[in-house]
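Participant: Under my numbering, the first residue of the sequence shown is numbered 460, with each subsequent residue one higher. We put the CB at the ideal spot given by N, CA and C, even for glycine. Bear in mind that the values here come from a model prediction, so they are computed numbers and not experimental data.
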Amino acid sequence: MRKYSFNDFAYICYIEGKKSAVEKIFSEIFESKKLKAFCKKVEKKDIDLKTIYKEYLDMQVIKNDYQQKRSRY
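#1: ILE471 lies in the alpha helix (DSSP H); which residues open and close that run?
#2: State whether the segment 463-479 contacts the segment 487-495, with contact taken as three or more CB pairs (one from each stretch) at a distance under 8 Å.
#3: Excluding the five sequence neighbours on either side, which residues of its own chain have a C-beta within less than 6 Å of the C-beta of LYS483, listed in chain order?
#4: Rounded to whole angstroms, what is the Cα-Cα separation between TYR470 and LYS503?
#5: Taking the Cβ atom as the reference point for each residue, do CYS498 and VAL481 lie within a distance shorter than 7 Å?
#6: Please identify the residue among ALA496, LYS495 and LYS477 whose C-alpha is closest to the C-alpha of ASP507.
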C-alpha cells in the first residue's frame, strides 16, 4: 500500500469527500467493524483532517511491522 503525504491525503479528501476518502484509504488497514466506527466519527465531524492523517500514519506503521514479522518466518 502506498504511503500518502499529508498534501496528497488532503487532496483526496477534498476530491472524494472526507467520508469516501477515509473509506477507500482505510479499507486496507482496518477491519470492517473498526472502519464503520471510524467513518461515523468522520461523519459527525468529531475529528479533523490532521487527526485522521495521524491515525493513517500510525496504522501504516503497525501494518508494516506486522508484515515484516510475517516475512521473517
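Facilitator: Concretely, from the data shown:
#1: 465-475
#2: no
#3: none
#4: 20 Å
#5: yes
#6: LYS477
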